[in-house]
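Asks: Can you keep this structure in mind? I'll have questions shortly.
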Amino acid sequence: MAPRWLWMLVPWRGGWNPSSKAPGQEDERHVRANDRDYNEKFIYADNRIKTAKYNIFTFLPINLFEQFQRFANAYFLVLLILQLIPEISSLSWFTTIVPLVLVLSITAVKDATDDYFRHKSDQQVNTRQSQVLIKGKLQNEKWMNVRVGDIVKLENNQFVAADLLLLSSSEPYGLCYIETAELDGETNLKVRQALTVTSDLGDDVVKLADFNGEVICEPPNNKLDKFMGTLYWRDNKYPLDNEKMLLRGCVLRNTEWCFGLVIFAGLQTKLMQNCGRTTFKRTSIDKLMNTLVLWIFGFLICMGIILAIGNTIWEQRVGSNFWAYLQWKELTINAVFSGFLTFWSYVIILNTVVPISLYVSVEVLRLGHSYFINWDRRMYYSRKDTPAEARTTTLNEELGQVEFIFSDKTGTLTQNIMVFNKCSINGKIYGDVYDEFGHKVDITEKTPCVDFSFNPLMDRKFRFHDSSLIEAIKLEEPLVQEFFRLLALCHTVMPEERNEGELVYQAQSPDEGALVTAARNFGFVFRSRTPETITLYEMSQPVTYQLLAILDFNNVRKRMSVIVRNPKGQLKLYSKGADTIIFDRLDSSNEELMYTTSEHLNEFAGEGLRTLALAYKDLDEDVFDEWMKKLLFASTVLDNREEKLGALYEEIEQGLMLLGATAIEDKLQEGVPETIACLTLANIKIWVLTGDKLETAMNIGYSCNMLRDDMNEVFIISGHTMFEVQQELRNAKKRIVGPSREKLSSAVDIEKTDLYSSDSVFEETIIAEYALIINGHSLAHALEADLEQTLVDLACLCKTVICCRVTPLQKAQVVELIKRHKRAVTLAIGDGANDVSMIKTAHIGVGISGQEGMQAVLASDYSFAQFRYLQRLLLVHGRWSYHRMCNFLCYFFYKNFAFTLVHFWYGFLCGFSAQTVYDQWFITLFNIVYTSLPVLAMGLFDQDVNEQYSLRYPNLYRPGQLNQLFNKRKFFTCTLQGVCTSFILFFIPYGAFMTAVRDDGAHISDQQTFAVTIATSLVIVVSGQIGLDTNYWTAVNHFFIWGSLAVYFAILFAMHSDGIFTIFPNQFPFIGTARNSLNQKLVWLVILLITVVCIMPMVAVRFIKTDLYPTQTDKVRLLQQATRRQGPQEQNLRRVRRTSSRRSAYAFAHQQGYGELITSGKNMKVLTSSTFTYPVSSPTRAPARSGWIEGLMKNKGDMDATTPVVEITGFRRESDQSREITLEDLEAT
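The numbering used here puts the first residue of the sequence shown at 198, with every later residue one more than the last.
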């Protein structure tokens, strides 16, 4: 058998017979309490965790191995080895080893620092103290020493050390309260309950030490919300589920103490099983860079071959005449072999076309851009003290290239803060307000609220405006009372009474909290609960109900029920859920009420409210007893337990009596319509992917102005078979293509740099506006291989796409579909666990820290608190990052080609001898000292236009989507400029010095003077070029550019000084070269001539291009400059008002709920479905253009400081004397 230390490396191990099964093949787990000898034979993991990668002995070899897996580092290591071969190297080894060691050291320090903090964190966790029952006594043990099968005591506010089976607690009935923020980000309390047989053990150490129960359960897995097992004790077996478990990472709250049995420890706990690796995301620029580096490497090989051939020919024709005078070994006296050696020599010399400093500089820039996002006060949400956070540093420039945004609805576009708005009880609507003439009036903040002063336990924050409902309560109308009694009983909320009468509800979802709070204010106060009872205060009178069963909620059932016995001894089943689900289970006598309630639900849907249907049933004692026996049996089986329980629930939830429906309002977040309008103007397509039903999704679409009444047509795809879906998709596409295809010939648009298909160009010619709405069951067919292309074609022809009733997996599939077919940068944004797969699939994932926990944030690349901040993230930070990175790369390749190719030209005049032009120290310091800081300053701080104009003119975002600022063409342009510059740098001094003499008549054309002249010219030229490339000058830019020039001259004179020669005579032999060269007027005239010839053509080209063919950026920059000279002007701005009517539906978010809190303990989130469809707009409407957005954005105003103002047509015009300059004015000139 493998040694224990080897098995400890395996996350999943164990099983009945360790010698017969490989680690990780554990089918089920056997754990016996207080029996370490029995449990150790399964070789389960101990409770030590190790997230660190290295230790003091393995750090150097492992880290170097990881670093040399990168192509660039391995490439430079090979060059270093070649430089150590004297026959082929004309450069000293330090020209490569200095930058290589610098890069490796910086990376190693960063990795070591990260790993040090991981070690520190591991040590802090592993050495936490816990009380463990060992040999009949409670002993303090470090967490790392806890073993599977141990019984652990926890006290209030302590972290749970491992995955424990709750045995007993200080609370009645074995209840305990936990906070699971470290698992799912939710800070609201959850309840766990021990088995009755183990809760009797209490805190009696003797009884606990004698406890020898055995648990047989599932193997280790990462499912946080599921656990299946059975406890065998005293010849009985007891079912175990997730509500009996305390998972590692939870914190015990409001519970004095509890005891638990360790089931999973260390790396096998569910928390650690969920710590999987996040998929590594790379930007399109990264991918292009890899291609370009390979091209450059190929170019380097070609130059080496050319020069090697030249050396071979030169050696044969000229060099052979001197072989007799050279003390060469006999092996080297061969022209071909000399050419072979020369090839490798030039590979070494010309390697700086791919400088290692490029990769370091790119990482520094990305890190800086990430800090700018983190420090942006305009993306800080003060209400929750939540700043924006860049959780990755590798995707910043990708933010400037997004074409598709996939957004969740609930909690992302909406606030996910629910307010009880209206209800329908026994066919009557409550919640509307009427004037004295009987006309419905709009409810505002000034509308008087209902007086709840009769209820001492009311929630003072609750607002309701229809007093007739209070009157019905006071008149003791039976159905109205039963309605609120149901809301007070049928839920999984936990009450916390901090002071007398001060109730705080811990609800798993805001929907639940809103309904229970409504019942509380209307006199049915949920006061307390135990595992077997629920106590209400009905009109100030305490009433206790016996809780007999909770029928769990899940995504299939879409409903929740409770069975209670009231004080009169009557058995009641109360149920709430999706309207269609409840309606299918109603008694036939409810038909008329069902139709009336359905009409009310449609009315609520039109107002954008989320709804549930409510029903009840009187149960017969004999029927219930028989059903309860079946339930107890089904709850103990291990196989298909959920299916069997679901069938039993279905059996008893028949013949229900309808009570009515609730309507809850979920408001939009601030600035959502304005943000969507602005992003649409930036040519970003926004798709909404939601689990809500069709009508709710449509309502949000209208609220956000994604759907409008003046759209030509809204296509609804709702087929149930593949053939139906195929026909609906094809018919919709024909409706669009038919009237629009003829306009294709007149379309003029900029194609993407990469090849665009004709369909993509055709999408730009669609003038009419269409919307596509597709249901989840239809989407499942549309995502099949035969139909996915049709779906993509149709969706991209529509201005708005909404997918409703979609599962988390379907969200990810839609994102992957666009990534695969459109080759476009995608961004997914959401706030809940059901958005995680979509966030991870997209190129960029954005998490909103909202009401549904932190799961989306933890899986995201960027996070913030409000959807409206997405506008600033993309149009400001994303666009700037893309602009800066592209300019940085263009300049970097330019300067390195200009620097390196001087050696290529020199090769033709030095007999192809692989002699370098520059001094070796200049080669070493050029990229890491002389030119590194100015380009970093430009890459960090440059702005083509400021943030106000970036937001005011969203179409400035377009170049990033089209890859216009850095692509293969741009690369060839900047490298061609570098080649030309290198040609000028070499041949102007060469020609000038051929016949030139010094002031004293001596010849000037020695090799060192030639080298100093070219090097000085190069540094000045590239510094001048970066000055031309810089649009936004700061003190840092000035300091770095002028400082780099000063540093160059200081080092130049120092290296040619007498002092350094006396210290290092072999390394710095050229005394006084710089002084003797740069005191000649001719040298400075040559430097000036080179600078003018290199810089002036670029100045002329840019001036002519900007004047004759200005880009949109050029126009806006000119406008910005003109406005700055004119001075700021006051702007009249108004808040955007939505002009479209709202559409809605009644549905809760499509999210798996928790189960019973008391008898089975799961919390739930209800969702409903609907078969209603919304009538599409008339196809005969006049075509609508994008002017609606422009009009919307022009009138935008009164937003808070965090919501940027967007105007499309420039500033308002005041008067002929003092009006502002607009973009149109500049275009006219």
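Idealized CB from N, CA, C, for every residue including glycine.
In this text, all values refer to a predicted model and were calculated from it rather than measured experimentally.
#1: Please give me, in chain order, every unbroken run of the alpha helix (DSSP H) with length at least 4 that falls completely inside the stretch 614 to 694.
#2: Can you have a look at residue 925 and say buried or exposed, based on whether 16 or more other CB atoms are within 10 angstroms of its CB?
#3: Taking all protein chains shown into account, decide if residue 511 is buried (16 or more other Cβ within 10 angstroms of its Cβ) or exposed.
#4: Helix, strand or coil: how does DSSP classify residue 779 here?
#5: How would you write the range of the beta strand (DSSP E) that residue 912 sits in, first residue to last?
#6: Would you kindly work out how many angstroms separate the C-alpha atoms of residue 1252 and residue 1286, rounded to a whole number?
#7: Where does residue 703 fall in DSSP's three states?
#8: State the beta-bridge partners of residue 442 as determined by DSSP.
#9: Quick one: residues in its chain with C-beta nearer than 7 Å to the C-beta of residue 679, no 5 flanking neighbours on either side, listed in chain order?
#10: Check whether the Cβ atoms of residue 1235 and residue 1140 sit closer than 9 Å, and answer yes or no.
#11: So what's residue 901 in DSSP terms, helix, strand or just coil?
#12: From 261, 1009, 622, 1033, pick the residue whose C-alpha is nearest to that of residue 790; which is it?
#13: Using alpha carbons as the reference points, say which of 489, 1187, 1063, 1192 lies closest to residue 581.
#14: With a 10 Å radius around its C-beta and 16 neighbouring C-beta atoms as the bar for buried, classify residue 439 as buried or exposed.
#15: Applying the criterion that 16 or more other CB atoms from any shown protein chain within 10 Å of the CB defines a buried residue, is residue 193 buried or exposed?
#16: What is the residue span of the beta strand (DSSP E) that residue 815 lies within?
#17: By Cβ distance below 7 Å, which residues in the same chain neighbour residue 249 in space, the five residues on each side in sequence not counted?
#18: Once the 5 residues before and after residue 995 are set aside, which same chain residues still bring their CB inside 6 Å of it?
#19: So which of 639, 715, 803 has the shortest CA-CA distance to residue 660?
#20: Could you check which residue in 457, 1005, 1190 has the C-alpha nearest to that of residue 230?
#21: For residue 1241, name the three-state secondary structure that DSSP assigns.
#22: Could you tell me whether the stretch 1212 to 1224 touches the stretch 1274 to 1288, where touching means 3 or more Cβ pairs closer than 8 Å?
#23: In whole angstroms, what is the alpha-carbon distance linking residue 1332 and residue 1068?
#24: In terms of DSSP beta bridges, what is residue 761 paired with?
#25: Whose C-beta lies closer than 6 Å to the C-beta of residue 1339 among residues of the same chain, with five residues either side of it excluded?
#26: Tell me, to the nearest whole angstrom, how far the beta carbon of residue 1046 is from that of residue 1060; I am working on the premise that it is less than 8 Å.
#27: Counting pairs of beta carbons, one from the stretch 877 to 888 and one from the stretch 904 to 922, are three or more of them closer than 8 Å?
#28: Quick one: Cα of residue 372 to Cα of residue 700, how far?
#29: Distance check for residue 467 and residue 361, CA to CA, integer angstroms please.
#30: Helix, strand or coil: how does DSSP classify residue 254 here?
#31: With contact counted as at least three CB pairs below 8 Å, one residue from each stretch, are the stretch 1174 to 1183 and the stretch 1240 to 1249 in contact?
#32: When you compare only the Cα positions, how much space is there between residue 565 and residue 1082?
#33: Residue 734 to residue 718, Cα distance in whole Å?
#34: Give me the residue from 657, 765, 549 with the minimum Cα distance to residue 1113.
#35: Do you know how far the Cα of residue 775 is from the Cα of residue 839?
#36: With DSSP collapsed to three states, give me the class of residue 829.
Replies: Here's the rundown:
#1: 664 to 671, 675 to 686
#2: Residue numbering aside, residue 925 sits at position 728 when the sequence shown is read from its first letter. The residue in question, residue 925, is buried, as its Cβ has 16 or more Cβ neighbours within 10 Å.
#3: Start at 1 with the first residue of the sequence shown, and residue 511 comes out as number 314. So residue 511 ends up on the buried side.
#4: The sequence position of residue 779 within the sequence shown is 582, counting from 1. Helix.
#5: To locate residue 912, count along the sequence shown from 1; it is residue 715. From DSSP, the beta strand (DSSP E) with residue 912 extends over 910 to 914.
#6: By one-based count along the sequence shown, residue 1252 stands at place 1055. By one-based count along the sequence shown, residue 1286 stands at place 1089. Straight-line Cα distance between these residues: approximately 26 Å.
#7: Reading the sequence shown from its first residue, position 506 is the one you call residue 703. In this structure, residue 703 counts as strand in the three-state DSSP scheme.
#8: Residue numbering aside, residue 442 sits at position 245 when the sequence shown is read from its first letter. In the DSSP output, where bridge partners are listed per residue, residue 442 has 362.
#9: Here residue 679 refers to the residue found at position 482 when the sequence shown is read from its first residue. 813, 856.
#10: Counted from its first residue, the sequence shown places residue 1235 at position 1038. Counted from its first residue, the sequence shown places residue 1140 at position 943. Not a contact, by the Cβ cut-off of 9 Å.
#11: For this step, residue 901 is matched to residue 704 along the sequence shown. The answer is coil: DSSP assigns residue 901 none of H, G, I, E or B.
#12: For this step, residue 790 is matched to residue 593 along the sequence shown. Answer by Cα proximity: 622.
#13: Position 384 of the sequence shown, counted from the first residue, corresponds to residue 581. Residue 1063 is the option with its Cα nearest to residue 581.
#14: Position 242 of the sequence shown, counted from the start, is the residue given in the question as residue 439. Answer is buried; the Cβ neighbour count reaches 16.
#15: Because the chain here runs from 198 to 1426, residue 193 falls outside it and cannot be looked at.
#16: Within the sequence shown, the letter at position 618 stands for residue 815. Segment 806 to 816, the beta strand (DSSP E) holding residue 815.
#17: Within the sequence shown, the letter at position 52 stands for residue 249. Closer than 7 Å at the Cβ level, and outside the excluded window around residue 249, lie 312, 315, 316, 319.
#18: Taking the sequence shown and counting its residues from 1, one reaches residue 995 at position 798. Closer than 6 Å at Cβ, skipping near neighbours: 967, 968, 969.
#19: Here residue 660 is taken as the residue at index 463 of the sequence shown, counted from 1. Selected option, being the one with the closest Cα: 715.
#20: Counting from 1 along the sequence shown, the entry for residue 230 is found at position 33. For the residues 457, 1005, 1190, the minimum Cα distance to residue 230 belongs to 457.
#21: Looking up residue 1241 in the sequence shown gives position 1044. Helix, per DSSP.
#22: yes
#23: Here residue 1332 refers to the residue found at position 1135 of the sequence shown. Here residue 1068 refers to the residue found at position 871 of the sequence shown. Low per-residue confidence applies at residue 1332: pLDDT is 42, beneath 50, and the placement is therefore not dependable enough to give any value.
#24: As a first step, residue 761 is located in the sequence shown; it is residue number 564 there, counting from the start. Looking at the DSSP assignment, residue 761 forms a beta bridge with 744, 769.
#25: Here residue 1339 refers to the residue found at position 1142 of the sequence shown. Confidence is the limiting factor: at residue 1339 the pLDDT is only 36, short of 50, which leaves the residue's position unreliable, though a coordinate-based value still follows. Contacts found: 805, 896, 899, 900.
#26: As a first step, residue 1046 must be located in the sequence shown, where it is residue number 849. As a first step, residue 1060 must be located in the sequence shown, where it is residue number 863. The pair is a contact, with the Cβ atoms about 6 Å apart (cut-off 8 Å).
#27: no
#28: Counted from its first residue, the sequence shown places residue 372 at position 175. Counted from its first residue, the sequence shown places residue 700 at position 503. One C-alpha to the other measures close to 19 Å.
#29: The sequence position of residue 361 within the sequence shown is 164, counting from 1. The sequence position of residue 467 within the sequence shown is 270, counting from 1. Using only the alpha carbons, I get a separation of about 11 Å.
#30: Numbered from its first residue, the sequence shown carries residue 254 at position 57. Note: residue 254 maps to coil in three-state DSSP.
#31: no
#32: If you number the sequence shown from 1, residue 565 lands on position 368. If you number the sequence shown from 1, residue 1082 lands on position 885. Taking the straight line from one Cα to the other gives about 12 Å.
#33: Position 537 of the sequence shown, counting from 1, holds the residue named residue 734. Position 521 of the sequence shown, counting from 1, holds the residue named residue 718. Approximately 11 Å, taken between the alpha carbons.
#34: Locating residue 1113 in the sequence shown gives position 916, counting from the first residue. Residue 1113 has its Cα closest to that of 549, out of 657, 765, 549.
#35: The sequence position of residue 839 within the sequence shown is 642, counting from 1. The sequence position of residue 775 within the sequence shown is 578, counting from 1. In a straight line, the C-alpha of residue 839 is about 20 Å away from that of residue 775.
#36: Taking the first residue of the sequence shown as 1, we reach residue 829 at position 632. Three-state DSSP puts residue 829 in a helix.
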